[in-house]
C-alpha cells in the first residue's frame, strides 16, 4: 500500500505546545513532497476521541481511506485506540510523537525527529501488529485499553505528583521531563504505604505482601524513558508485570538508577518480573492508579487484563 493521502489529527497542546509546532512542520513537509493531506486539530481535551471516530465512520473501505496520522503524546495515542475499540481494529495508525514522555514512540522504535519519522512512515508498505492491553476494572465496571502501561501504588502516585508539579511544563520545554519524575519519586516515597497484592496468571495465584510498585507494561519504558522492563517487547502478544516491595529509600534510588543506567536493576532481589497474555490483579486497600499517564484516583482494584493487537505504521 502506498500513502497517497494523509488524514492528520493534531493535538496542539501536547508536549507543552510541541504538537502545534510539529504539526506545522509536517504540513510543510507534505506540501513540499506534494502529498495530499487533510488536517484537523483537537480544540479541547478528549476531542481526539471524537475526531478519530469521525474519520473511521467517514471512510468505510481500504480503497478510499487515507492514512491516519496522529500527532501528539502518549495520551493522544491512547485516545485513538479507545476511539477505535474493536470495531475499527483493522484500521492502521501512523504516529509521530509530540508529547513530553513519548514512551510509546520510544518503545516502538520510532525516530524522534518528525522529519525522519514522516519519511519512515511514507516508505512503509505494510503495517505491523503491535500489542495493546484491554483492561476491565471490576469494582468500577470500567473498560478500555492501554498502549504503554498501567500502574498501581507508587508508580501511579509518581504520575499524580508529576502531573500536579508546577515544574513539569518548564522542564518539558528544556527537554528535561524525566527530572519531573525523579522529583516526584523522592516526594512519593514517604507518602506511599505498602499493600497486599494478589496476582492470578498462567493458572497460578501469587500472594505478594508488602507490594509498593506494581507496573504492567507492554514495552520497556515508563516515566518518559525509564526502562523499567528492558525485556518487554510490544509484539510478542504478552504483557510484563514488575512488582517491587517497599524497600529503603537508598535501595529504591539504586533500583531507579539501574533503570536509567543500563538495566542493572533486573538483577536485584527486589525486582520481581512476571509475563503473561492475561492476568488479574487484586488489591483490597485503596491505592493510586494510572493508565498511560491518566490518573485514576485512589481505589481498591480488581483488574482483569488481556493482550490484544492493533495495526501501526511503524
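Numbering (UniProt numbering), first residue to last: 1 to 314.
Don't be surprised by glycine CBs; every beta carbon is placed ideally from N, CA and C.
Since the model is a prediction, treat every value here as computed from it, not as a measurement.
Residue range of the unbroken alpha helix (DSSP H) whose run includes residue i
{"i": "residue 84", "result": "74-84"}
{"i": "residue 143", "result": "Counting along the chain, residue 143 falls outside any alpha helix (DSSP H), though it belongs to the beta strand (DSSP E) covering 142-146."}
{"i": "residue 55", "result": "47-58"}
{"i": "residue 118", "result": "114-123"}
{"i": "residue 20", "result": "14-32"}
{"i": "residue 105", "result": "103-108"}
Cut-off 6 angstroms between Cβ atoms - residues of its own chain near residue i, not counting five sequence neighbours on either side
{"i": "residue 241", "result": "216 and 274"}
{"i": "residue 184", "result": "158, 161 and 162"}
{"i": "residue 137", "result": "303"}
Sequence-distant residues of the same chain with beta carbon closer than 8 angstroms to residue i, five excluded per side
{"i": "residue 144", "result": "82, 134, 135 and 291"}
{"i": "residue 213", "result": "151, 153, 154, 155, 242, 243 and 244"}
{"i": "residue 109", "result": "314"}
C-beta atoms of residue i and residue j nearer than 8 angstroms
{"i": "residue 22", "j": "residue 114", "result": "yes"}
{"i": "residue 73", "j": "residue 31", "result": "no"}
{"i": "residue 54", "j": "residue 7", "result": "no"}
{"i": "residue 211", "j": "residue 194", "result": "yes"}
{"i": "residue 66", "j": "residue 92", "result": "no"}
{"i": "residue 230", "j": "residue 266", "result": "yes"}
{"i": "residue 106", "j": "residue 225", "result": "yes"}
{"i": "residue 218", "j": "residue 278", "result": "no"}
Same chain, Cβ closer than 7 angstroms to residue i, five either side skipped, listed in chain order
{"i": "residue 77", "result": "70, 95, 104 and 147"}
{"i": "residue 14", "result": "72, 73, 76, 98 and 99"}
{"i": "residue 18", "result": "98"}
{"i": "residue 118", "result": "26, 29 and 96"}
Alpha-carbon to alpha-carbon, residue j and residue i
{"i": "residue 205", "j": "residue 303", "result": "14 angstroms"}
{"i": "residue 57", "j": "residue 220", "result": "34 angstroms"}
{"i": "residue 209", "j": "residue 264", "result": "24 angstroms"}
{"i": "residue 100", "j": "residue 129", "result": "25 angstroms"}
{"i": "residue 10", "j": "residue 301", "result": "34 angstroms"}
{"i": "residue 269", "j": "residue 191", "result": "23 angstroms"}
{"i": "residue 89", "j": "residue 248", "result": "44 angstroms"}
{"i": "residue 201", "j": "residue 298", "result": "24 angstroms"}
{"i": "residue 174", "j": "residue 16", "result": "In this prediction, residue 174 scores a pLDDT of 44, lower than 50, which makes its location untrustworthy; no coordinate-derived value is stated."}
{"i": "residue 46", "j": "residue 79", "result": "7 angstroms"}
{"i": "residue 238", "j": "residue 34", "result": "40 angstroms"}
{"i": "residue 187", "j": "residue 60", "result": "50 angstroms"}
{"i": "residue 121", "j": "residue 182", "result": "33 angstroms"}
In DSSP terms, what residue i is bridged to
{"i": "residue 297", "result": "289"}
{"i": "residue 310", "result": "130"}
{"i": "residue 150", "result": "216 and 291"}
{"i": "residue 274", "result": "241"}
{"i": "residue 302", "result": "282"}
{"i": "residue 259", "result": "Its beta-bridge partners do not exist; DSSP assigns none."}
{"i": "residue 221", "result": "227"}
{"i": "residue 3", "result": "DSSP output for residue 3 lists no bridge partner at all."}
Residue span of the beta strand (DSSP E) that contains residue i, given as start and end
{"i": "residue 40", "result": "36-41"}
{"i": "residue 233", "result": "Where residue 233 is concerned, there is no enclosing beta strand (DSSP E), given that its DSSP letter is neither H nor E."}
{"i": "residue 197", "result": "195-201"}
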